[in-house]
Every structure is written in structure tokens, then in C-alpha cells.
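Report on one structure; see the data block that follows.
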Amino acid sequence: RVTVQTRPLFGKRGVLAESGATFLKMDCEGAEVALLESAQVNDWCAVSHLIFEWSFSKVREIDRFRSVVAVLERAGFSVRFEGKGNWDVYLDSWPSKWRMDALIFATRSAHSSECARTYQR
93 RVTVQTRPLF
103 GKRGVLAESG
113 ATFLKMDCEG
123 AEVALLESAQ
133 VNDWCAVSHL
143 IFEWSFSKVR
153 EIDRFRSVVA
163 VLERAGFSVR
173 FEGKGNWDVY
183 LDSWPSKWRM
193 DALIFATRSA
203 HSSECARTYQ
213 R
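Start counting the sequence shown at 93; every next residue gets the next number (the numbering used here).
Put into C-alpha cells, the structure is as follows:
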């Protein structure tokens, strides 16, 4: 047995805030959904570039995907992904003609004012 110390990724005392990392590529073998759903707007304060994969073979619900995209957009990110703009009609699952794994790119040039208030010391 090995004892492993864990640390939170998000929050004022999380690894992201303490490290000052501005670029984050998440590849957590399916855990991206849970991590992204647990995040709040101010959790992304240090990050200006985020890349992650959403596997629609595991989580096909578009509403859940849209919810995660909305969290990122509220944090000031511009979010891009395959198929964006093609959802003018309501879809309840990822279309099979699209790739099952979508790369999501989220970028922003400036941190939101909420981040500035949260991280002022």
C-alpha cells in the first residue's frame, strides 16, 4: 500500500490557483465530466486556455454537455467544438454522424471581474 496525498484542483487553495497555471489540458479517462460539473465560475480564475475531451460514447446527453459549456462561458471563456452552431433544433443526444469524442477548446483573453474579487488578498 502507498499513501497518496490529494489536493483539490479548484478553489482559492486549489492547485490551479496556487500554481498560477494558465493552460490546462484535461485527460482524465472519463472523469472530465464530473470535474467540469463540480466547477464554479471562479474556479477557473487562473486558467486562460482549457482543452478537454468529451466522450459522447460515455455521456451522450447534450443537456449535460450544454450545462458544462455554460459554466465555462459564465467564467468568460469562448468555447469551440465540433458541431457548434449545428444545434438550431433541439437534440437530446449526440448525433451518430459526428465523432464520438469531441475536443473542446475554451479560451479567454482576460479574467472575469468575479475572479479578481475572489482572489484579492
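Glycine included, C-beta positions come from ideal geometry on N, C-alpha and C.
Start-to-end residues for the alpha helix (DSSP H) that takes in residue i
{"i": "residue 158", "result": "154-166"}
Short Cβ contact (8 Å threshold) for residue i with residue j
{"i": "residue 149", "j": "residue 192", "result": "yes"}
{"i": "residue 157", "j": "residue 131", "result": "no"}
{"i": "residue 151", "j": "residue 125", "result": "yes"}
{"i": "residue 196", "j": "residue 143", "result": "yes"}
{"i": "residue 138", "j": "residue 164", "result": "no"}
{"i": "residue 146", "j": "residue 167", "result": "no"}
{"i": "residue 128", "j": "residue 160", "result": "yes"}
{"i": "residue 199", "j": "residue 169", "result": "yes"}
{"i": "residue 140", "j": "residue 114", "result": "yes"}
Range covered by the beta strand (DSSP E) that runs through residue i
{"i": "residue 126", "result": "Unbroken run through residue 126 is the alpha helix (DSSP H), 124-130; no beta strand (DSSP E)."}
One or two residues paired with residue i in a DSSP bridge
{"i": "residue 117", "result": "143"}
{"i": "residue 170", "result": "199"}
{"i": "residue 193", "result": "147"}
Three-state class that DSSP yields for residue i in the structure shown
{"i": "residue 109", "result": "helix"}
{"i": "residue 94", "result": "coil"}
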